Amino acid sequence: VGEMGFDIAVGSAQRFGVPMGFGGPHAGFIATTSGYSRKMPGRIIGVSVDARGKPALRMAMQTREQHIRRDKATSNICTAQALLANIAACYAVYHGPEGLTHIAQRIHGMAVVTADVLTRNGFTVINDGAFFDTLMVGVSPKNKTAQEIQDIASDSGINVRVIDETTVGVSFGEAITKHDTVKLLRAFGVTHCTQSVDAAASSRQSNILPGLERESAFLTHPIFSTHRSETQMMRYLRSLENKDLSLNWSMIALGSCTMKLNAAAEMAPITWPEVSNMHPFAPPDQTKG
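Residue numbers (my numbering): 1401 to 1689.
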């Protein structure tokens, strides 16, 4: 936040392994400079030292109205986003800073390659030079309409966003493959796609605006550089479970805020592609129950 001169930043952690889920729910985040920390809602946990001299977590600040004077409270809302936040956290633990950087570079690279091929074939990339993973493409120079592009793409199992009559939006995620990119370009009527993609990939440049690409270190805690296999990750999750006071050990004698528990039957649907992979902008004929 401070590096870019902002006091407050908010966003969604959906890209950190949380399924689209037809638009949500997703874990959000809020960050601020230390000068505004006392205005933050919820609780802030800090690292301290226990009586044995070992690192310990403690509640450094709490802004809930039942804990402090009501006129000083900035939070009176109970939420149940722990599952989504834990998914995002585990995603970061598994991939680490190097893995996340690689994923981001690959996503951006696919977008850059697609923009380059479309431009070479007469289309207009409206936001050229200022994008990360999403393109706005003008199709009027090729005498096409946005709906025509969507209809052809849909036949290949791809959706584009119809922004207006002559403009479509295309977004890229970490699951995108070279084969998907070729199918997408064919929907625009681009022939010899494979050769075009290979040529563009060999000479692609970053399209992130200067000053927006992060240069400082992130995810510096050792836990984000420790577990890189499924076996290691499962053992780590098991160790966390053993530290928790959960219902398979005893009753949890705490307040309502801590009793919003996720049953296994509730968590299973996030693995179903029919639920998790549904895009919120998918056409109505694709989202019927």
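Beta carbons: idealized from backbone N, C-alpha and C, even for Gly. All of these numbers come straight from a predicted model, not from anything done at the bench.
Where residue i sits in the DSSP three-state scheme
i        : result
Gln-1686 : helix
Phe-1422 : helix
Ile-1576 : coil
Pro-1622 : helix
Ile-1507 : helix
Leu-1585 : helix
Gln-1414 : coil
Thr-1594 : helix
Pro-1680 : coil
Leu-1457 : strand
Ile-1487 : helix
Thr-1432 : strand
Gln-1481 : coil
Gln-1605 : coil
Ala-1515 : helix
Ala-1409 : strand
Gly-1499 : helix
Ser-1437 : helix
Arg-1635 : helix
Residue i burial status per 10 Å Cβ neighbour count (16 or more: buried)
i        : result
Phe-1531 : buried
Leu-1500 : buried
Ser-1596 : buried
Glu-1433 : At residue 1433 the sequence reads Thr, which differs from the Glu that was named. Exposed: under 16 other Cβ atoms inside 10 Å.
Pro-1419 : buried
His-1508 : buried
Ile-1444 : exposed
Val-1449 : exposed
Ala-1413 : buried
His-1495 : buried
Ala-1617 : exposed
Ala-1451 : exposed
Ile-1430 : exposed
Under 9 Å between C-beta atoms of residue i and residue j
i        : j        : result
Leu-1457 : Gly-1446 : yes
Gly-1573 : Asp-1533 : yes
Asp-1388 : Thr-1519 : The question about residue 1388 has no answer here: the residues shown for the chain are numbered 1401 through 1689.
Val-1537 : Thr-1581 : no
Pro-1673 : Ser-1554 : no
Thr-1687 : Val-1493 : no
Ala-1587 : Glu-1565 : no
Phe-1681 : Asn-1559 : yes
Gly-1569 : Lys-1542 : no
Arg-1635 : Glu-1403 : no
Val-1539 : Ile-1549 : yes
Met-1440 : Met-1461 : yes
Gln-1481 : Pro-1425 : yes
Asp-1633 : Cys-1490 : Sequence check: residue 1633 is Met here, not Asp. Contact flag set, yes.
Asn-1607 : Ala-1511 : yes
Residue i CB to nearest heavy atom of the ligand ZN below 8 Å
i        : result
Asp-1533 : Annotation note on the ligand ZN: not contained in the displayed structure, which lists no ligands.
Residue i to residue j span [Cα, whole Å]
i        : j        : result
Met-1678 : Gly-1411 : 21 Å
Lys-1583 : Val-1525 : 18 Å
Leu-1484 : Asp-1407 : 25 Å
Pro-1497 : Arg-1415 : 14 Å
Ser-1676 : Ile-1503 : 20 Å
Ala-1664 : Ala-1599 : 48 Å
Notebook entry, point to check: If you scan the segment 1517-1578 from start to end, which runs of the alpha helix (DSSP H) of 4 or more residues do you find wholly inside it?
Noted result: 1546-1555
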